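Under mature numbering (1 follows the signal peptide of the UniProt record, and there is no 0), residues -23 to -1, 1 to 695 are what the sequence shown spells out, in order.
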Amino acid sequence: MKKNKITVLLLALAAVSAQNALAAESINARKHLKQHPVSGVEMHSVLGLSAEHSFRVKSKRVFKNGKSKQRMSQYYRGVPVWGQSVATEVSPMGVLSDISGTFAQNIATDVSSVIPGLSEAQVKSINRKKNGDTEVSHETAELIIYIGDDNRAHLAYKTDYVVYSETPRRPTAIIDADNGVILLAYDAMAFAEATGPGGNEKTGQYYYGRDFPALNVTDDCRMDNDNVATIDMNHATSGGEIHQFTCPENLYKPVNGGYSALNDAHYFGGVVFDMYNDWYQSAPLQFKLAMRVHYGVDYENAFWDGQQMTFGDGLDRYYPLVSLDVVSHEISHGFTEQNSGLAYFSQSGGINESFSDVMGEVAKYYSRGSNDWHVGGDIFKADGALRYMDNPPQDGNSIDHADDYYGFMNVHYSSGVFNKAFYLLTNTPGWDIRMAGETYVVANQLYWQATSSFEDGACGVYTAARDLGYNLNDVETAFNGVGVAMCDEFSEERPPTPPEYTLLENGTVLTDLWSDDRVHLKYAIEVPEGATTLDVAISGPIVDTTYDNADLVIQYEGIPTPVDNLCYPGQPDNNESCSFSNPEAGIWYIVIEAQVSFEQLTLSVAHDGSDIPNPGEGDSGTESGLSASRNQWLYRTLEVPEGMGTLDVSLTGGTGDASLYLKHGSEPSNRNNDCRSRTDGNEESCIINAPDAGAWYIGLRGSGGSFDDVTMNWQYQP
């Protein structure tokens, strides 16, 4: 009998050990593939998963260098695995590469069937009873696989609903689909507590059609167009109708020091839609923007509820909450929900809230050509702002360093970490707010997960910058400045400099270079103290049109890689160049990566202006005596050749107030342009780096009034 007991005990221990060894867990895809490198066209096979797993494309992004990335969500037996997705590059032949993100393995250990024991109606009832709610709206339930903190997989439902009241809520729960146990619960109502400039007693009154473009409404003056519908709640918390007014002027309705919250919400909704579309090639939401205005009585907040944006009129603390950055903030919560799905709690909630703050500042810059980094300053009835992105602790609650974070911190306060990182990145030489915003947008589209930590989020921004060809050291420096280390997959130490680099003389031009598939050519040049320029370029024919045959990669005193470099153009052809102003003295390393074989390639290397093949001649010109009346446009067209480094257009002299606009390929407008300069007077300037070849349209407009006898200067230089 004792022997039998011992045998049973050993078998039980073995079973427990085997179960622990095969516990469901979330796996870092990049680290996994470093240890188990596999290539293929089926994601589940590449990741070593069974055919019970599948990956479905959720979003796609095509970059300027021609490469494309996809976010693919994981499914198990047709059921989505919550918070698990990977991003991958896909070749024209369908081969998957550069895979990152997370996926779940060993789900079968815990989930033997994907047929739930409870119905959707039952789990909805569990969530309502938990919160004591009976009257709810927009109730949903979705069957998912949930990986808990205990590394167990659960067949579960994710369910939520909205309660519209003076304190709106969106109770969200993940509930075990077999036994009804609540595995996770939080309020997913995404609030804003601040805004930016709008028409109120503090900012002053302005008019659409005079100070801003006219409102985009229907012929019978309903506030409805292809992108935005604006709804008057008339102080109720449910219902509401699309606002309609007597053409052509809407004066409805002044409230709490605001001149027309409906006008502001409708116009700014259009601005935010255009910003996402023009700058980031993406609609902000998968459906038309619905803007609900005059919500409740004296309601001092705004929120996204998963379906629409809602704005209160304020009371003692705020004017109506319909300024540009509030509108952008709330719409951007929708963008996050439909892309990364960052959960609205813990560090992921701080990143979620920060993204909305960030896009509020980006919207200001897109619309006005400037931003102030102050969240809410213009609608505060007192001095100050709600949050300060340039100095988060100034509000008395927010943090600007990861070391100051603690569990259950309010997401509006923990957002300060990513807000400050964004501020630092934007103000790094060589960066601007549009570029920095793009790294956050792409990270949201491809790399952030539902429960991303600060480190995960920074890694997503870093990977996005890598995709976009931006300086990776700058991204790492910005996040180091707020105490967030770069993720392990990008933190490997640089190996010692190998001896196979060929040292080149200044002004060297090597011709007829060739290489076999994946065999890289390696060179170096020593730059002396006091050098003012360093220029490196490659050029040559394409051997295989399905791939970019050769890639130029450069690093200072270290091994260049696509991840660790100071320049990596990543163009789809073999014509690439890197230029550096005031380069550091020392050894600069140059690698020509053979993505496939290449031949007849030319490499040129020089510092301080030694001969480098000139891509084309520059040109300049002046036109004087330009005049126009208020709101009148003058247009000029300029043909810019290939290979120019800058296009510079400026205005000066004369009287009145002229604004300057540039657009490639078509006439610019107030809201559709590649550059806008609109200061008081006629001293305006637009500089475009690496302008696209072809027709550039220059627009001059009498914005603040007429202008007369203005001089326009233009030049483009290689």
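Virtual Cβ for every residue (Gly too), placed ideally from N, Cα, C. For clarity, every value in this text was computed on a predicted model and none was experimentally measured.
Secondary structure of H497 (DSSP, three-state): coil. Here the alpha carbons of T579 and N551 stand approximately 10 angstroms from one another.
K37 sits in a strand when the DSSP states are folded into three classes. DSSP places L266 within a strand segment (E or B) once states are collapsed to three.
Three or more Cβ pairs drawn from the stretch 20 to 37 and the stretch 45 to 59 lie within less than 8 angstroms of each other, which places the two stretches in contact. Around the C-beta of I92, fewer than 16 other C-beta atoms lie within 10 Å, and the residue is accordingly described as exposed. Shown here, K640 sits in a strand according to DSSP, grouped into three states.
I664: member of the beta strand (DSSP E) spanning E661 to N666, first to last residue. Boundaries of the alpha helix (DSSP H) harbouring N108: E97 to N108, taken from the DSSP string.
Comparing C-alpha distances from A150 to each of V617, E119, R129 and G216 shows the shortest one belongs to E119. Residue nearest to L423 within the set Y500, G434 and E453 is G434 (criterion: CA-CA distance). Here the alpha carbons of I519 and L498 stand approximately 17 angstroms from one another. At the C-beta level, A427 and G318 come within 8 angstroms of one another. Here K640 has N650, D651 and Y674 as same chain residues with Cβ atoms under 6 angstroms from its own Cβ, once five neighbours each way along the sequence are excluded. When the five nearest sequence neighbours on each side are left out, the beta carbons in the same chain lying within less than 6 angstroms of the beta carbon of S683 are those of S606, R607 and G633, in order along the chain. For F575, the enclosing beta strand (DSSP E) starts and ends at F575 to H584. The beta-carbon distance between I376 and Y365, rounded to whole angstroms, is 12 angstroms. This is too long to meet the 8 angstroms contact definition. Using a Cβ-Cβ distance cut-off of 8 angstroms, the stretch 125 to 139 and the stretch 285 to 305 are not in contact, since fewer than three pairs of beta carbons, one from each stretch, lie closer than that value. Comparing C-alpha distances from C198 to each of K179, Y229, V452 and M621 shows the shortest one belongs to Y229.
In this structure, N647 and A583 do not form a Cβ contact; the two beta carbons are roughly 44 angstroms apart against a cut-off of 8 angstroms.
Less than 8 angstroms separates the beta-carbon of L239 from that of H220.
Looking at the DSSP output, S558 shares a beta bridge with T510. Checking the DSSP bridge columns, you'll see M286 partnered with M268 and W281. A distance below 8 angstroms separates the beta carbons of V205 and F250. In the same chain as E503, and ignoring 5 residues on each side of it, the C-beta atoms closer than 6 angstroms to its own belong to I564, in chain order. As the crow flies, the alpha-carbon of Q532 is around 56 angstroms from that of E97. Looking at the DSSP output, H351 sits in a beta bridge with Y365. In this structure, the alpha-carbon of F395 lies about 12 angstroms from that of G414.
Taking C-beta separations shorter than 6 angstroms and ignoring five residues to either side along the sequence, the partners of A398 in its chain run A455, F456 and V459, following chain order. L529 counts as buried, since no fewer than 16 other beta carbons sit within 10 angstroms of its beta carbon. Counting other Cβ atoms within 10 Å of its Cβ, M286 reaches 16 or more and is therefore classed as buried. A150 sits in a strand when the DSSP states are folded into three classes.
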